[in-house]
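The opening residue of the sequence shown carries number 5 in the numbering used here; numbering runs sequentially from there.
Heads up, the beta-carbon is just placed ideally off N, CA and C, and yes, glycines get one too.
Notes to accompany the following structure.
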Amino acid sequence: MSTDQTLHAPWGLVNPAFWHTGGTPSALARPEPESAAAAVGQTEAPPPPAEYRWQIAAITAACVPPIDPQRLAAANVEAERIDREFTATFGAAHSHTINVRELRGWIAHLMGQPAAAARWYLHTTGLQAQVWGTEHEFTRASAERAVQQWSGVTDPTERLALGSELLPMLRVVTGETSDATRAVRAVVGPSV
């Protein structure tokens with residue numbers, strides 16, 4: 005896998021073995037607000053429910069080079085289906101749902117859709133901030149991926165509009181003087 009693709013992969017380098025990390029049902033639950041502070045030290049995303057692991061593994065396998073566009077398109081459809089199921093079962097601000105949405109951003113990147121990928125990562129940054137807070141590594145990584153994808157948007161109108169969406173999030177998550185905030189502000193302008 006090239007360095008560029010690794011940068012955009014949700015949760016680091018994802019391959020089918022990533023999802024086979026074990027865990028108990030209680031370890032998979034979304035942390036309650038009072039336990040979120042203790043979870044900030046967590047370094048791995050919880051694995052998906054056991055009944056979904058083979059499906060997630062098949063989706064991630066489609067994202068490993070060499071990329072087959074038809075297989076990737078099928079993985080995109082499957083990720084959308086799982087996203088709907090996770091949202092209905094766990095809610096939008098649950099780690100399982102967030103992880104699948106990050107995966108959808110990665111798929112959008114691999115399909116050559118940087119604006120869609122950036123919007124997925126912008127969305128997951130907001131959800132990560134709700135679950136883990138703005139200082140958590142997952143939240144910051146989603147924000148970084150959003151900016152990486154935004155930088156690949158070539159349509160000036162779309163780049164400006166998307167940058168206007170990214171800038172408020174970046175100010176909160178990465179800070180007013182971060183490289184990411186400054187890069188987006190340079191395109192969008194200081195008035196946003």
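Exercise for the section: Could you work out which residue in ALA65, GLU162, SER155, ALA147 is closest to HIS127 when comparing CA atoms only? Expected result: ALA147
Exercise for the section: Starting from the C-beta of ALA31, find all residues in its chain whose C-beta is less than 7 Å away, skip the five residues before and the five after it, and write them out in chain order. Expected result: With a pLDDT of only 27 at ALA31, under the threshold of 50, the placement of this residue in the model should not be trusted; the figure read from the coordinates follows. Same-chain partners within the cutoff: PRO50.
Problem - Of the listed residues THR93, ARG108, SER99, LEU170, nearest to THR64 (C-alpha basis) - result: ARG108
Practice task
Express the C-alpha separation of ALA66 and LEU76 in angstroms, rounding to a whole number.
Solution key: 5 Å
Problem - Option in TRP136, ALA83, THR101, GLN132 with minimal Cα separation from ILE111 - result: ALA83
Handout entry: Three-state secondary structure assigned by DSSP to HIS100
Key = helix
Problem - Euclidean distance between Cα positions of GLY156 and PRO70 - result: 21 Å
Handout entry: Entirely enclosed alpha helix (DSSP H) segments - the region 137–172, minimum 4 residues
Key = 141–154
Problem - Proximity winner among VAL68, ASP87, PHE90, relative to MET115 (alpha-carbon distances) - result: VAL68
Exercise for the section: Give the single residue among ALA120, SER168, ALA79, THR161 whose Cα lies nearest to the Cα of GLN153. Expected result: ALA120
Problem - Beta-carbon gap between VAL2 and HIS98 smaller than 9 Å - result: Because the chain spans 5 through 196 in this model, residue 2 falls outside it and cannot be assessed.
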